[in-house]
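Everything in the sequence shown is counted per the working numbering, starting at 1 for the first residue and increasing by one.
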Amino acid sequence: MHFDLSMKDLIIDLFRAYYDARKNKRNTLNALEFEIDYEKKLFELVEEIKIGKYYPGQSVCFITNKPVKREIFAATFRDRIVHHLVFNYVNPIFERRFINDSYSCRIGKGTSYGIKRVNHFIRSCSENYHRDCYILKLDISGYFMSIDRKILYDKIEKTLNRENRLRKATAMNRERERERESKVPHFDLPAPLDLIRKIVFHDPAKNCRINGARNDWVGLPKSKSLFFARPDCGLPIGNLTSQLFGNVYLDDFDHFVKYWLGCKYYGRYVDDIIIIHRDKDFLKHIIPLIRDYLLEELKLKLHRNKIYLQYYSKGVKFLGVFLKPYRKYILNRTKGNFYAKIKKWNELLDRSGNKLSREQVFEITACANSYLGLMKHCSTKKLQRKIFDSFSVYFWNYFYIDNNILKIKKSKWKIKEF
1 MHFDLSMKDL IIDLFRAYYD ARKNKRNTLN ALEFEIDYEK KLFELVEEIK
51 IGKYYPGQSV CFITNKPVKR EIFAATFRDR IVHHLVFNYV NPIFERRFIN
101 DSYSCRIGKG TSYGIKRVNH FIRSCSENYH RDCYILKLDI SGYFMSIDRK
151 ILYDKIEKTL NRENRLRKAT AMNRERERER ESKVPHFDLP APLDLIRKIV
201 FHDPAKNCRI NGARNDWVGL PKSKSLFFAR PDCGLPIGNL TSQLFGNVYL
251 DDFDHFVKYW LGCKYYGRYV DDIIIIHRDK DFLKHIIPLI RDYLLEELKL
301 KLHRNKIYLQ YYSKGVKFLG VFLKPYRKYI LNRTKGNFYA KIKKWNELLD
351 RSGNKLSREQ VFEITACANS YLGLMKHCST KKLQRKIFDS FSVYFWNYFY
401 IDNNILKIKK SKWKIKEF
């Protein structure tokens, strides 16, 4: 399949994807290697994409233990540029389809938003804690490793073809079409389908470089490893496209639960599903319906040991916090992960002679604020003071706290956005 894009449009979009991919990554080895004569490499990549000869390269596989033990496949920097290119093309289309209460990998719909929404669901359903209501929490077993690539690709192709027909039907109003397209990357279907097909059906486990020892995989269930996935199943955790495609795969399921089953108070973060309802028997009744839908339509299984159904006053763990009436608490695991990050940053300052690069400053700011943003909405005033005291004294040469948010001292750093 060839692109209907002009060479000029593709060059502009690929350079934009390159700048997106290198944000907070410019000091990594892969990014630095690509940056040497990067313009020539980008034009070579443009040519490969244009003639349909682009194929994903070798990934690096390793195990990470934070926040939980996971198998990660890190794509080459060159492939990450292509992932951003595809994401920029198709994400605006899928965003219009997603329900409001799908919280993963979406601008303005992160963990803090998900926590606020679920807390709002409980308060609304219980009429501010004056009526009975119950919380059902479900989990999909080995979600990313169980995604059927053919089902996924068919869903993507169907949606993009529908978008293509819609654009053709409105082609008579060219001026209005140009105004709309000026707000998103240049895109003319079926342009991205060739790239999407190669990304979806690429199996990084067949050609990867292992970074780590064999013992690193001890304790990791087979259901969470791409090396043990069923044929033509599984997406690599760590790719931007995998996060988007994970939402696409469950999009029809979201609509099924919310509109066909009539679950008004429903939310999902990746494979964590939560439903609030006044009738406990109703929640018991829909568990087998959800189980059957996932198995028959998506070849997914509910985790049999992670079905939680409780009265709302018992509270519920969701997205790193424990929600109870009138209060929210940070989970011990979340606190431990934040302290581990702070210890790593303090050690980094010691090794570097109390100096941080621009990229390190931005990376620390983004990571710290993800935790601080979570804590801001919980009962954590004492905890925040303890955390701020645990930072190295040299840390405050680069940062300051404003309204419980970590900010960069601009007098010391000239900030430029690329």
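Every residue gets a Cβ at the ideal spot worked out from N, C-alpha and C, and that includes glycine.
Drop a sphere of 10 angstroms on the beta-carbon of Gly320, count the other beta-carbons inside from all chains shown, and report buried for 16 or more, exposed for fewer. buried
Suppose you measure from the CA of Leu226 to the CA of Leu406; what does that come to, to the nearest Å? 37 Å
Helix, strand or coil: which one does DSSP assign to Cys61? strand
Hey, quick one: how far does the alpha helix (DSSP H) through His83 stretch, first residue to last? 77–95
So, under 8 Å CB-CB, Ile276 and Ile122 are touching, yes? Tell me the CB distance rounded to an integer number of Å. 6 Å
Taking 8 Å as the CB-CB cut-off, is Ala205 touching chain D? Within the model displayed, chain D is absent; a lone protein chain is all it includes.
Exposed or buried, which one is Phe201 when buried takes at least 16 other CB atoms within 10 Å? exposed
Please tell me whether Phe245 and Leu152 are closer than 8 Å, where the distance is taken between their beta carbons. yes
From what residue to what residue does the beta strand (DSSP E) around His277 run? 272–277
Let's test the definition: count the other Cβ atoms within 10 Å of the Cβ of Lys299 and tell me whether it reaches 16, buried, or not, exposed. exposed
Please report the residue range of the alpha helix (DSSP H) in which Lys69 lies. No alpha helix (DSSP H) holds Lys69; DSSP gives it neither H nor E.
Phe144 versus Thr76: straight-line alpha-carbon distance, rounded: 20 Å
Check each candidate in Asn403, Ile364, His377 and name the one with the smallest Cα separation from Phe391. Ile364
Classify Ile156 as helix, strand or coil using the three-state DSSP reduction. helix
Alpha carbon of Tyr113 to alpha carbon of Ile51, nearest angstrom: 42 Å
Please classify Trp396: is it buried, with 16 or more other beta-carbons within 10 angstroms of its beta-carbon, or exposed? exposed
Bridge partners for Gly267 per DSSP, in chain order? Ile274
Please tell me whether Phe94 and Val270 are closer than 8 Å, where the distance is taken between their beta carbons. no
So, Ile135 versus Ile274, is the Cβ gap smaller than 8 Å? yes
Would you mind reading off the limits of the beta strand (DSSP E) that contains Cys208? 208–210
Does DSSP classify Phe227 as helix, strand or coil? helix
Determine whether the beta carbon atoms of Ile210 and Val257 lie at a separation below 8 Å. no
Out of curiosity, what's the CA-to-CA distance linking Arg117 and Glu47? 45 Å
Helix, strand or coil: how does DSSP classify Tyr308 here? strand
Going by alpha carbons, who is nearest to Ile429 out of Lys23, Thr241, Lys264, Asn119? For residue 429 there is no data in the structure shown, the boundaries of the chain being 1 and 418.
By the 10 Å Cβ neighbour count, where 16 or more other Cβ atoms means buried, how is Arg268 classified, buried or exposed? buried
On the DSSP letters alone, give me the boundaries of the beta strand (DSSP E) that Asp148 sits inside. It is not in any beta strand (DSSP E) - Asp148 carries neither H nor E in the DSSP assignment.
Shortest alpha-carbon distance to Arg162 belongs to which of Gly353, Glu127, Gly219, Arg97? Arg97
Whether Pro236 touches Phe62 by CB criterion (8 Å): no
State buried or exposed for Val393, treating a residue as buried only when at least 16 other CB atoms are found within 10 Å of its CB. exposed
Kindly indicate the opening and closing residues of the beta strand (DSSP E) around Tyr103. Looking at the DSSP string, Tyr103 is not in any beta strand (DSSP E), and its letter there is neither H nor E.
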